[in-house]
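Colleague: Under full-length UniProt numbering, the letters of the first sequence match residues 1 to 272, in that order. Here it is, the structure in full.
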Amino acid sequence: MPELPEVETTRRGVEPHLTGATVTDVVVREGRLRWPVPPALAATLSGLPVLAVRRRAKYLLLEFASGTLLVHLGMSGSLRLVAADTPPQKHDHIDLILDGRTALRYRDPRRFGAMLWHVGPVEFHPLLAELGPEPLGDAFDADTLYRASRGRTTSIKQLLMDNHVVVGVGNIYANESLFEAGIRPGRAARRLTHADCERLAVAIKSILARAIEAGGSTLRDFVGASGQPGYFQQTYAVYGRAEEPCHTCGSLIRQIRQGQRSSYYCPHCQPW
DNA sequence: CTTTGCACCTGTTGGC
DNA sequence: TGCCAACAGGTGCAAA
């Protein structure tokens with residue numbers, strides 16, 4: 001699930017319940033995530049109030065006075081708020097107990113996610129230090145995309161998914177943005193004109209912003225035990241629509257493989 | 001430095 | 001119905 005809009009939706013959902021609350025315990029039922037969850041996490045966090053919940057790329061950052069808890073949802077992770085005595089279900093690996101009553105519950109069937117503790121300025125954490133600009137920030141625009149694409153033989157779609165160039169653009173939104181910009185995913189990055197980069201940067205910002213808005217408007221169930229957290233069924237222009245007609249021109253959407261991942265495009269609306 | 005492919009893990013889907 | 005292969009939205013890392 002988690003692409004950037006879901007991560008940001010999650011942040012907005014949990015932030016009001018976390019900020020100002022004090023961690024009273026941490027229960028780790030399964031600590032084998034992408035990296036081992038620090039065994040001393042309960043001792044580290046107990047008694048500390050959450051100062052803020054921020055996001056960098058797809059990392060959620062829970063800030064405390066003495067350090068930062070980095071949380072990544074990987075491919076299948078989710079966070080929700082439940083009463084602390086709610087029985088955990090399968091794959092509910094970690095609870096942050098807040099004020100002894102509420103649990104911030106981390107679920108991740110595939111365990112590709114992460115929960116790491118960092119002391120010191122979090123922007124210097126090795127996982128964050130080399131990241132490119134936020135897609136919705138002013139530091140990412142047509143110029144940065146144009147410069148980043150010069151001399152690059154890789155495809156524009158793979159360049160978009162390179163975290164050094166821009167963060168938070170995963171497989172779905174790389175495909176959707178390229179459709180909106182009218183550019184084929186397989187085109188060499190170095191062949192993009194400045195005008196292409198302009199349309200693409202605008203498309204990325206617009207699509208991500210719209211998806212976050214949609215997530216916010218259907219935001220629910222971060223508090224409580226019912227159903228999945230407040231994600232949303234998004235309708236896509238090309239992603240997952242192989243052999244289906246393009247909503248714009250009726251041509252059949254094509255699917256190709258790029259770097260072991262599926263890409264989708266409309267042969268008419270994305271001429272090259 | 002860039003590019004490519006693998007690895008981590010479980011669950012779902014589709015074909016036979 | 002059962003079995004098996006292929007695939008799934010992330011991303012760090014090693015190797016070429």
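C-beta atoms are modelled at their ideal positions from N, C-alpha and C, and glycine is treated no differently. Since we're looking at a predicted model, the values are computed, not measured.
Which partner residues does Trp-35 have in the DSSP bridge list?
Modeller: Bridge partners of Trp-35: none, in fact.
Colleague: Note down, in chain order, each residue of its chain lying with its Cβ closer than 6 Å to the Cβ of Val-27, except the 5 sequence neighbours on either side.
Modeller: Closer than 6 Å at Cβ, skipping near neighbours: Asp-95.
Colleague: Opposite Ile-97 in the DSSP bridges: which residues?
Modeller: Note: Ile-97 sits in a beta bridge opposite Asp-25 and Ala-103.
Colleague: Closest to Asp-25 by C-alpha separation, out of Glu-6, Leu-208 and Asp-85, would be which residue?
Modeller: Measuring from the Cα of Asp-25, the nearest candidate turns out to be Asp-85.
Colleague: On the three-state DSSP scale, how would you describe Gly-227?
Modeller: Any reading at Gly-227 needs caution, since the residue's pLDDT is 46, under 50, leaving its predicted position unreliable; the model's value is listed next. DSSP places Gly-227 in coil when its eight states are reduced to three.
Colleague: Within 10 Å of its beta-carbon, does His-93 have 16 or more other beta-carbons around it, so buried, or fewer, so exposed?
Modeller: Buried, because 16 or more other Cβ atoms sit within 10 Å of the Cβ of His-93.
Colleague: For a minimum of 4 consecutive residues, which ranges assigned as the alpha helix (DSSP H) are wholly contained in the stretch 37-93?
Modeller: Counting only runs of 4 or more, we get 41-45.
Colleague: May I ask you to check if the CB of Trp-272 is nearer than 7 Å to at least one heavy atom of the ligand FMN?
Modeller: By its list of ligands, the structure shown contains no ligand whatsoever, and the ligand FMN lies outside what it can speak to.
Colleague: In terms of DSSP beta bridges, what is Gln-258 paired with?
Modeller: Bridge partners of Gln-258: Arg-261.
Colleague: How is the beta strand (DSSP E) around Leu-128 delimited, first residue to last?
Modeller: Per DSSP, Leu-128 belongs to no beta strand (DSSP E); it is in the alpha helix (DSSP H), 126-129.
Colleague: Residues in its own chain within less than 6 Å of Ser-177 by CB, not counting five upstream and five downstream?
Modeller: For Ser-177, where only same-chain residues beyond five positions count, the Cβ hits under 6 Å are Ala-203, Ile-204 and Ile-207.
Colleague: Give me, in chain order, the residues of the same chain whose beta-carbon lies closer than 6 Å to that of Glu-30; leave out the 5 immediate sequence neighbours on both sides.
Modeller: Correct list, in chain order: His-93.
Colleague: How many Å lie between Cys-197 and Tyr-59 at the Cα?
Modeller: If you take the alpha carbons of Cys-197 and Tyr-59, they lie about 26 Å apart.
Colleague: Would Pro-2 be called buried (16 or more neighbouring beta carbons within 10 Å of its own) or exposed?
Modeller: So Pro-2 ends up on the buried side.
Colleague: What are the boundary residues of the beta strand (DSSP E) that includes His-118?
Modeller: Taken as a continuous stretch (DSSP letters only), the beta strand (DSSP E) holding His-118 covers 114-118.
Colleague: According to DSSP, simplified to helix, strand and coil, what is Pro-121?
Modeller: Reduced to three states, the DSSP call for Pro-121 is coil.
Colleague: Within 10 angstroms of its Cβ, does Gly-151 collect 16 or more other Cβ (buried), or is it exposed?
Modeller: With fewer than 16 other Cβ atoms within 10 Å, it is exposed.
Colleague: When you compare the stretch 98-109 with the stretch 76-83, are there three or more beta-carbon pairs, one atom per stretch, that lie closer than 8 Å?
Modeller: Taking 8 Å as the limit for Cβ pairs, the verdict is that the stretch 76-83 does touch the stretch 98-109.
Colleague: Would you report the Cα separation of Ala-225 and Ala-195, rounded to the nearest angstrom?
Modeller: Confidence in Ala-225 is poor, its pLDDT being 48 and thus under 50, which makes the residue's placement unreliable; the coordinate value appears in the next sentence. Going by the C-alpha atoms only, they are around 48 Å apart.
Colleague: Between which residues of its own chain and Gly-20 is the CB-CB distance below 8 Å, once the five residues before and five after are set aside?
Modeller: If we look at Gly-20 and ignore the five residues flanking it on each side, its Cβ neighbours are Pro-49 and Val-50.
Colleague: Quick check on this structure: which residue in Pro-39, Gln-260, His-268 and Leu-33 has the alpha carbon closest to the alpha carbon of Lys-157?
Modeller: Here the closest residue by C-alpha is Gln-260.
Colleague: Can Val-122 and Leu-128 be called in contact, C-beta distance under 8 Å?
Modeller: It is a contact, given that the beta carbons lie within the stated cut-off.
Colleague: Which of the three DSSP states, helix, strand or coil, is assigned to Leu-159?
Modeller: If DSSP states are grouped into helix, strand and coil, Leu-159 belongs with the helices.
Colleague: Quick one: which unbroken alpha helix (DSSP H) runs of 4-plus residues sit fully inside the stretch 138-184? Chain order, please.
Modeller: Within the stretch 138-184, the complete alpha helix (DSSP H) runs of at least 4 residues are 142-149, 156-160 and 171-181.
Colleague: Ends of the alpha helix (DSSP H) at Gly-13?
Modeller: Per DSSP, Gly-13 belongs to the alpha helix (DSSP H) from 4-18.
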